[in-house]
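Single-structure report; data block below.
Chains as they are written, first to last, in the numbering used here: chain A, 444 to 553; chain B, 362 to 479.
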C-alpha cells in the first residue's frame with residue numbers, strides 16, 4: 444500500500460535554531476514529491492516539487508531534498524512567521540492525485 | 362500559479378440537509394480535484410472532477426453522497442448530501458497548474474470551505 448509518513452508530528456524551535464522535517468514514502472513509481480505549508484484556517488500553499496533522487500530546491504530559509512526513500516525540509520535560522528503545518532505529498536504513477544502525510548506542526552518561539 | 366476561489370468560505374448546516382461548494386479558477390485547467398481535511402488530520406482525496414464526464418471517486422467516497430459537477434475548464438462544484446456531524450470538515454479544491462518555463466506539474470489549492478454539521 445502506498446504510504447507517506449511525516450516526522451516529527453510537532454516541533455518547537457527557538458528563533459534561529461535550524462532543524463529538519465522528515466517525509467518518508469513507500470510508493471510504487473514516485474512521480475513527484477510535493478511540500479506545502481498550511482496556516483490555520485487556510486488552504487495549503489505550494490512550496491516545492493521534487494522529481495528525482497538527489498534533487499534539491501530552495502526558497503528563502505527552506506531547502507527541500509529528495510532521496511529514493513525520503514525527503515527532508517531543512518529550515519535554516521527560522522523566524523516566528525515560519526510557524527505553520529508543513530505537509531508533504533506524493534504523486535504516484537501516471538496520475539496527478541496526491542497522497543498526503545499527516546504533517547508536521549512547526550512552532551518557532553521568539 | 363492559478364488563483365482559486367471557493368464559496369462559501371464556511372457554513373453551519375443542520376443534519377440531513379445538503380450543501381453545494383463552488384470552486385472557481387482564474388484560468389483554464391485540465392485537472393481539478395476535491396479533498397477533505399477532517400479536524401486535526403491531513404488531506405484525503407475525494408474525487409477527480411472530469412470536464413464533460415463523470416467524476417472519478419476514491420475508495421470510500423460515492424457519487425450519491427458527494428455529487429460533483431465540472432461544466433467547464435474553470436469551474437466545479439461539490440455537494441455534500443444528507444449531511445451528518447461526521448461530515449464536518451474543511452473541503453478543498455485543487456487544480457493542476459503547468460507554468461512555463463517549467464512544464465512539470467504542480468498543484469495549487471483553494472482557501473477551503475469549513476463545514477460544521479449540527
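Even glycine gets a Cβ: it sits at the ideal position worked out from N, Cα and C.
Taking each of 434(B), 407(B) and 440(B) in turn and checking the Cα distance to residue 422(B), the smallest one comes out for 407(B). At least 8 Å separates the CB of residue 447(B) from every CB of chain A.
For residue 463(A), the enclosing beta strand (DSSP E) covers residues 462-469. The alpha-carbon of residue 516(A) is positioned some 20 Å away from that of residue 535(A). In chain order, 539 make up the part of chain A whose C-beta sits under 7 Å from the C-beta of residue 392(B). Within the segment 509-534 of chain A, 530 place their CB atoms closer than 7 Å to a CB of chain B, listed in sequence order.
Bounds of the beta strand (DSSP E) holding residue 397(B) are 393-398. Annotation for residue 390(B): 363, 434, 435, 456, 457 and 458 place their beta carbon closer than 8 Å to its own, counting only its chain and skipping 5 residues before and after. By DSSP's assignment, residue 433(B) forms a beta bridge with 436(B). Against chain A, a Cβ distance below 8 Å from residue 457(B) picks out 539. For residue 421(B), the closest Cβ of chain A is not nearer than 8 Å. Contact annotation, residue 526(A) with residue 549(A): C-beta distance approximately 6 Å; criterion of less than 8 Å satisfied.
C-alpha of residue 365(B) to C-alpha of residue 469(A): approximately 31 Å in a straight line.
The Cβ of residue 485(A) sits closer than 8 Å to at least one Cβ of chain B.
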